[in-house]
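Numbering (the numbering used here), first residue to last: 8 to 170. Glycine included, every Cβ here is placed at the ideal spot set by N, Cα and C. Okay, structure first, notes after.
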């Protein structure tokens, strides 16, 4: 099956939020406990580093995922550092599509002069930890027991990849 990655448009608002809300309600991948409204899409657009905000479509032009680069920190001493974020509809995971999105974000990051990518991951999200290890991210920090979601406490693991 063929997949396409394209820049996000306002028409993608509801689908992007639906995908994100799935992960809010069903996993530790999104650091929210309550669903967000459609207006949160504007937050994604606002925080996208250099407009690096994409959707992933299947052959039927159905949006099945999204990814973006986010500023790590507003201070100019952290220029050249970005955080990655991506979410794919559950039924399309484990098909190499996360890597496809990540490679697109890496290409953008290189064009923008970004030197390193970061990922902040719940210690309870083992799939994401393994995904990032597979793609040459290494753990570079851990904040112990700072998150609480669905009645469970978790660490936030920071992973880093130099590009």
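_Tell me the rounded alpha-carbon separation between residue 92 and residue 27._
Straight-line spacing of the CA atoms in residue 92 and residue 27 works out to 11 Å.
*Jot down the residue ranges of each uninterrupted beta strand (DSSP E) in the region 132 to 163, minimum 3 residues, whole runs only, in chain order.*
Within the region 132 to 163, the complete beta strand (DSSP E) runs of at least 3 residues fall at 145 to 156.
_Rounded straight-line distance, which links the Cα of residue 157 to that of residue 29_ = If you take the alpha carbons of residue 29 and residue 157, they lie about 14 Å apart.
*CA-CA distance, residue 166 and residue 33?*
A straight-line Cα-Cα distance of about 23 Å links residue 166 and residue 33.
*Evaluate the contact criterion for the region 105 to 118 versus the region 77 to 95: three or more CB pairs, one atom per stretch, below 8 Å.*
Cβ pair count under 8 Å is three or more, so yes.
_I'd like to know whether the C-beta atoms of residue 56 and residue 89 end up nearer to each other than 8 Å._
Taking C-beta atoms as the reference points, residue 56 and residue 89 count as a pair closer than 8 Å.
*Quick one: what's got a C-beta closer than 6 Å to residue 70's C-beta in the same chain, skipping five residues either side?*
Within the same chain, and ignoring the five residues on either side of residue 70 in sequence, the residues whose Cβ sits closer than 6 Å to its Cβ are 19, 22, 62, 64.
_Other residues of its chain near residue 45: CB distance less than 7 Å, five sequence neighbours each side excluded_ = The residues 20, 21, 24, in chain order, have a CB closer than 7 Å to that of residue 45 in the same chain once the five nearest residues on each side in sequence are set aside.
*Are the CB atoms of residue 170 and residue 140 nearer to each other than 8 Å?*
No.
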